[in-house]
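For reference, the structure is listed below as structure tokens.
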Amino acid sequence: MSIQTLRKRVVLLGATGSVGASTLRVLRAHPEKLELVGVAAHGGADKLFAICREFGVRHVALGDAAVAARAFDRQEIPPGSVLHVGASGLVELATLAEADIVLIAVVGTAGLAPALAALAAGKNLALASKEILVLAGEFVMAAARASGAKILPVDSEHNAVFQCLAGHSPGDVRRVTLTASGGAFRDWPAERLAHAAPADALQHPNWVMGPKITVDSATLANKGLELIEARWLFGLQPEQCHAVLHPQSIVHALVEFTDGSVLAQLCPPSMSFPIQHALLHPARVPGPDAPLDLTRLQTLEFRPVDEARFPLFRLARLAMHAGGAAPAIFNAANEIAVAAFLSGRLPFLGIASVVEKTLEKVQPSAPTDLPAVHAADAEARRQAIACLRQFHHRSLPL
């Protein structure tokens with residue numbers, strides 16, 4: 097058998113973001129094991145086409161139809177590459193016949209349709225977009241069971257749980273604890289938070305990530321979403337899902353078993369570790385980043401989450417316990433509120449206010465199908481925009 101046939105063929109949706117950049121580093125480190133056969137991004141055609149040329153990728157997708165049209169007009173598409181366009185283009189890449197594994201790292205809810213399509217086609221899914229399981233965890237996990245495809249978590253926390261659970265059944269688990277850095281405002285006095293600006297929120301102490309997820313780290317909304325995701329990924333009950341603050345971001349998750357033993361997964365705060373684990377699973381080989389040096393660790397610190405300081409974490413947990421459409425409503429309202437904060441239209445503390453008011457206004461009934469999921473998401477966005485208008489008494493540019 098040739099080296100070519102031994103390589104896993106990878107489709108990367110969200111190639112120009114921070115997870116995409118880390119994925120490309122892993123691919124460069126293992127050209128004999130991994131082959132990139134499809135890449136996609138919403139915009140950023142120049143950067144996407146540069147990836148195509150570097151890796152010799154035939155299939156490329158642009159979610160923004162206007163950007164794709166300009167690329168056609170200017171004849172910018174790399175020779176030998178086929179351009180796919182829009183939401184249907186993402187689905188086409190996710191179901192490529194030659195693909196073995198599809199890594200989904202697109203922002204927001206745009207990854208849901210390609211994720212379901214990839215699973216239906218029997219493709220293994222490397223999942224970095226947590227919104228997919230927050231919105232439609234029941235449907236996504238059912239699709240994986242029906243096709244026999246694997247869902248391999250890419251988020252560092254969920255990948256850590258996945259590693260700790262190897263060889264254990266769900267009945268062995270007492271609880272799962274995800275760790276949170278605490279984000280940019282972890283050590284700020286509480287009275288300063290009212291004056292926090294977007295530039296402040298984007299100064300994450302440990303990780304390099306996109307703007308939205310970096311703000312979510314500062315509010316701990318991200319950790320709440322990850323608890324909801326963990327529930328679905330690992331077949332847990334809400335009361336089994338916990339989180340602690342861990343400023344060093346070295347321990348990524350801990351699993352406590354029914355006998356009282358606790359397993360933890362440790363590695364440096366670089367996404368190359370969970371991405372490589374997911375793409376090469378079950379193989380373990382040296383990666384592009386240096387491993388952990390225990391002799392350089394002075395301390396590993398853990399603190400309880402103060403839900404008064406991080407109200408979005410509390411609201412996410414309430415949504416997880418409520419079930420039904422509540423997690424999707426939380427996610428949609430948070431996206432709207434964070435976008436308003438980043439554009440200077442909402443103060444930092446207003447994010448939680450908008451999310452809480454939206455949760456109060458939208459009925460979180462259990463969706464019976466995917467159209468109901470999308471309907472709940474759309475209604476939550478409408479209500480969140482209405483809450484924003486009430487918050488500062490002026491119309492928002494939509």
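Each number in the numbering used here corresponds to the 1-based position in the sequence shown with 96 added.
C-beta: ideal position from N, C-alpha, C; glycine also.
Only a predicted model underlies this, so the values are computations on that prediction, with no experimental measurement involved.
Would you check if the segment 313–323 and the segment 409–429 touch, i.e. whether three or more CB-CB distances between them fall below 8 Å?
yes
Contact between the segment 227–245 and the segment 302–309 (3+ Cβ pairs under 8 Å):
no
Report the residue from ASP402, ALA141, HIS348 whose alpha carbon sits nearest the alpha carbon of ALA162.
Counting from 1 along the sequence shown, the entry for residue 162 is found at position 66. Cα-wise, what sits closest to ALA162 is ALA141.
Determine whether the beta carbon atoms of PHE281 and ARG270 lie at a separation below 9 Å.
What you label residue 281 is simply residue 185 of the sequence shown in a count that begins at 1. What you label residue 270 is simply residue 174 of the sequence shown in a count that begins at 1. Against a cut-off of 9 Å, the Cβ pair of ARG270 and PHE281 comes out as no contact.
If you count every other CB in all the chains shown that lies within 10 Å of the CB of ASP473, and 16 or more means buried, which is it?
Reading the sequence shown from its first residue, position 377 is the one you call residue 473. Buried, by the Cβ-count rule.
ILE432 versus THR391: straight-line alpha-carbon distance, rounded
Here residue 432 is taken as the residue at index 336 of the sequence shown, counted from 1. Here residue 391 is taken as the residue at index 295 of the sequence shown, counted from 1. Using only the alpha carbons, I get a separation of about 44 Å.
Using a threshold of 9 Å, state whether the C-beta atoms of ASN255 and HIS338 are closer than that.
As a first step, residue 255 must be located in the sequence shown, where it is residue number 159. As a first step, residue 338 must be located in the sequence shown, where it is residue number 242. No, they are not a contact pair.
Let's test the definition: count the other Cβ atoms within 10 Å of the Cβ of ALA193 and tell me whether it reaches 16, buried, or not, exposed.
The sequence position of residue 193 within the sequence shown is 97, counting from 1. Its Cβ having fewer than 16 others within 10 Å, ALA193 is exposed.
Should HIS291 go down as buried or exposed, given a rule of 16 or more other Cβ atoms within 10 Å for buried?
Position 195 of the sequence shown, counting from 1, holds the residue named residue 291. It is exposed - the Cβ of HIS291 has fewer than 16 other Cβ atoms within 10 Å.
Confirm, please, whether the CB-CB distance from ALA276 to VAL340 is below 9 Å.
Walking along the sequence shown from the start, residue 340 turns up at place 244. Walking along the sequence shown from the start, residue 276 turns up at place 180. Closer than 9 Å, so yes.
Considering only C-alpha positions, which residue in the set ILE173, VAL203, PRO174 is nearest to LEU186?
Position 90 of the sequence shown, counted from the first residue, corresponds to residue 186. Closest option to LEU186, Cα to Cα, is VAL203.
For THR275, the three-state DSSP class (helix, strand or coil):
Walking along the sequence shown from the start, residue 275 turns up at place 179. Three-state DSSP puts THR275 in a strand.
Hey, quick one: how far does the beta strand (DSSP E) through CYS337 stretch, first residue to last?
Within the sequence shown, residue 337 is the residue found at index 241, counting from 1. Start and end: 337–341.
When the Cα atoms are used, what is the spatial distance from LEU492 to ARG149?
Here residue 492 is taken as the residue at index 396 of the sequence shown, counted from 1. Here residue 149 is taken as the residue at index 53 of the sequence shown, counted from 1. Because the pLDDT at LEU492 is just 42, under 50, the model does not fix this residue reliably, and the point stays unresolved.
Scan the segment 290–374 and note each continuous alpha helix (DSSP H) run of 4 residues or more that stays entirely inside, going in chain order.
294–297, 307–315, 317–330
Can you tell me which of the three DSSP states PRO463 falls into?
Along the sequence shown, read from residue 1 onward, the residue named residue 463 stands at position 367. In the structure shown, PRO463 sits in coil (DSSP, three-state: anything other than H, G, I, E or B).
Residue environment, SER98, which counts as buried when at least 16 other CB atoms sit within 10 Å
Locating residue 98 in the sequence shown gives position 2, counting from the first residue. With a pLDDT of only 41 at SER98, under the threshold of 50, the placement of this residue in the model should not be trusted, and no figure is reported.
Could you pull out every unbroken alpha helix (DSSP H) segment of at least 4 residues lying fully inside the segment 162–235, listed in chain order?
182–190, 208–216
How long is the line joining the alpha carbons of LEU442 and SER357, rounded to whole angstroms?
In the sequence shown, the residue the question calls residue 442 occupies position 346. In the sequence shown, the residue the question calls residue 357 occupies position 261. Rounded to the nearest angstrom, the two C-alpha atoms are 45 Å apart.
Compute the distance between the beta-carbons of ALA136 and ALA167, then report whether it is under 9 Å.
Position 40 of the sequence shown, counted from the start, is the residue given in the question as residue 136. Position 71 of the sequence shown, counted from the start, is the residue given in the question as residue 167. The answer is no: Cβ separation not under 9 Å.
Reduced DSSP category for HIS264 - H, G, I as helix; E, B as strand; rest coil
Here residue 264 refers to the residue found at position 168 when the sequence shown is read from its first residue. DSSP places HIS264 in coil when its eight states are reduced to three.
Tell me, please, whether the segment 319–336 touches the segment 477–487 by the rule of three or more beta-carbon pairs shorter than 8 Å.
no
Coil, strand or helix - VAL133 by DSSP:
Translated into the one-based positions of the sequence shown, residue 133 becomes position 37. VAL133: strand per DSSP, three-state reduction.
Since ILE247 sits in a beta bridge, which residues does DSSP pair it with?
Position 151 of the sequence shown, counted from the start, is the residue given in the question as residue 247. LEU221.
For the beta strand (DSSP E) containing ALA157, name the first residue and the last one.
Against the sequence shown, residue 157 aligns to sequence position 61. From DSSP, the beta strand (DSSP E) with ALA157 extends over 155–158.
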